[in-house]
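First comes the structure, then the notes that go with it.
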Amino acid sequence: MKKKLICAVLSALISASAAGNVSAQQKFLTENYSGEKEYRLLIDGYDYDGEVIFVSDTTYVALREFSCMADNAIITWDDEDECAYVKTDSLELSAEDGGEYIDANGRLLWCEDGIFTYDDKMYVPLRQISAAFGFDVYYDAEKHTTYLTRLSSAIVPEEEFYDHDELYWLSKLIYAESGAEPFLGKLAVGTVVMNRVDSDEFPSNIVDVIFDKENGVQFTPTANGAIEKDPDEDSVAAAKICLEDVRLSDDILYFLNEKLSSSLWIVENCTYVMTIGSHDFYAD
Numbered sequence: 699m700k701k702k703l704i705c706a707v708l709s710a711l712i713s714a715s716a717a718g719n720v721s722a723q724q725k726f727l728t729e730n731y732s733g734e735k736e737y738r739l740l741i742d743g744y745d746y747d748g749e750v751i752f753v754s755d756t757t758y759v760a761l762r763e764f765s766c767m768a769d770n771a772i773i774t775w776d777d778e779d780e781c782a783y784v785k786t787d788s789l790e791l792s793a794e795d796g797g798e799y800i801d802a803n804g805r806l807l808w809c810e811d812g813i814f815t816y817d818d819k820m821y822v823p824l825r826q827i828s829a830a831f832g833f834d835v836y837y838d839a840e841k842h843t844t845y846l847t848r849l850s851s852a853i854v855p856e857e858e859f860y861d862h863d864e865l866y867w868l869s870k871l872i873y874a875e876s877g878a879e880p881f882l883g884k885l886a887v888g889t890v891v892m893n894r895v896d897s898d899e900f901p902s903n904i905v906d907v908i909f910d911k912e913n914g915v916q917f918t919p920t921a922n923g924a925i926e927k928d929p930d931e932d933s934v935a936a937a938k939i940c941l942e943d944v945r946l947s948d949d950i951l952y953f954l955n956e957k958l959s960s961s962l963w964i965v966e967n968c969t970y971v972m973t974i975g976s977h978d979f980y981a982d
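Under this note's numbering, the sequence shown has 948 at position 250, and the numbering climbs by one with no breaks.
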C-alpha cells in the first residue's frame, strides 16, 4: 500500500514559522522539508505503518516507534543530556538531540542532516537506524520504495569492526592537527588521511600514511611529538566516523593553515577545495 505522507509535524512547524515563533531547529526543518512524497517502506516484505518524514531529502523515522517495531527494545530518555537510549539483547544505542551521529554498539553512524526532536519525539535518519538494528537498506527510486531486509539482530560491535591501531593513530593525528577545530574540521583532517590511503600516490594503510616521510614529513605532529598526546572524545568520534567510510570530500589530500605554514607549496601547486575553521583543504 503506497501512502502519501503529509507530515503533520512539519505542517505545524510551517504554521509556527508563519507566526514568527520558531526555534533555530524548527527554522531548519521548515526550510529543508522536502514536501509531499508518494513513498512506501517495506520491512521484510511488510508495510511499515509508522511515521515517515523527509528533511533535505533524507528519510526520517521516529526513534521510539521504529525501535519498538524492529525489536523488543527498551527506550529511555535523559532530560539532562537530552539523549535517548535504546537497549535490546544485542544492541546498545544512544542518540542525542541535535547530535550528528548515532552511537550503536560503540559504532558511530554519521547523520549528515542531524538528529532532532519535536513534540516529544526524536527523529533519526532511516538508513542509520536501520543499520544499527541489522537491516540491509535498498531504495528503488522508480518505485519510491525502500526495502529493509533483516540480516542480523544488530550492527557488529566496535571491538569487532574497528582496527585498534588504525583507530588509535587516526584519533591521535586528528587531535594533534585539529584539536581546536570544529567537528567538521576534525572529520576533514581524517578524510585527508583516508583519501591518501585510497590514492596510488601514498602508502596503502593509515599508519604508514600518517608517518610517511618519503617526500619529507607529511604531518608535523609526527615530528614534534604532538601526536603522542591523548585524543579528546570528539577526535576519537571523528576517527570512528571516518573508519565508517564517511568522507567530507573524495578529493582532498592536503590541508594547511596558511598563516602558520612555513611552506606554501600546497597553495601554489594544488587545487583549493574548501575551508573549515582555520584549515584550507586542497586536492591534487
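From the three backbone atoms N, C-alpha and C, an ideal C-beta is built for every residue, glycine too.
The structure presented is a predicted model; accordingly, all values stated were derived computationally and were not measured.
- Rounded to the nearest whole angstrom, the C-alpha separation of Pro823 and Thr756 is 7 Å.
- Taking Asn955 as the centre and dropping the five residues before and after it, the same chain places the C-beta of Ser976, His977 closer than 7 Å to its C-beta, in chain order.
- Around Val905, the same chain offers Asp863, Glu864, Trp867 as residues with beta carbons nearer than 8 Å, after the five sequence neighbours per side are excluded.
- The closest CA to that of Glu899, considering only Asp811, Leu739, Gly796, Asp982, is found on Asp982.
- In this structure, Val890 and Phe814 do not form a Cβ contact; the two beta carbons are roughly 30 Å apart against a cut-off of 8 Å.
- Excluding sequence positions up to five before and after Phe764, its CB lies within less than 7 Å of the CB of Gly748, Ile827, all in the same chain and listed in chain order.
- As a beta-bridge residue in DSSP terms, Val835 pairs with Leu846.
- Beta-bridge pairing by DSSP links Trp808 to Tyr799.
- Inside the segment 884-916, DSSP marks whole alpha helix (DSSP H) runs of 4 or more residues at positions 904-908, from first to last along the chain.
- The beta-bridge partner set that DSSP reports for Thr815 consists of Met820.
- Residue pairing by DSSP puts Met972 in a beta bridge opposite Phe979.
- Inter-residue distance for Ala886 and Ser961 is about 21 Å (C-alpha atoms, whole angstroms).
- When secondary structure is reduced to three states using DSSP, Lys785 falls in the strand class.
- In its chain, beyond the 5 residues on either side, Glu794 have a beta carbon closer than 8 Å to the beta carbon of Asp779.
- The residues Lys927, Pro929, Asp930, Ser933, in chain order, have a CB closer than 7 Å to that of Tyr873 in the same chain once the five nearest residues on each side in sequence are set aside.
- Apart from the 5 residues on each side of it in sequence, Val895 sits with its Cβ closer than 7 Å to the Cβ of Ser902, Asn903, Ile904, Val907 in its chain, given in chain order.
- Within a 10 Å sphere around the beta-carbon of Tyr836 sit fewer than 16 other beta-carbons, which makes this residue exposed.
- Glu858 counts as exposed, since fewer than 16 other beta carbons sit within 10 angstroms of its beta carbon.
- The criterion of a C-beta distance shorter than 8 Å is not satisfied by Ile939 and Tyr980.
- When the Cα atoms are used, Cys766 and Ile772 turn out to be separated by approximately 8 Å.
- Taking Thr920 as reference, the option from Glu875, Asp943, Ser897, Met892 with the minimal CA-CA separation is Glu875.
- Per DSSP, the beta-bridge partners of Tyr952 are Tyr980.
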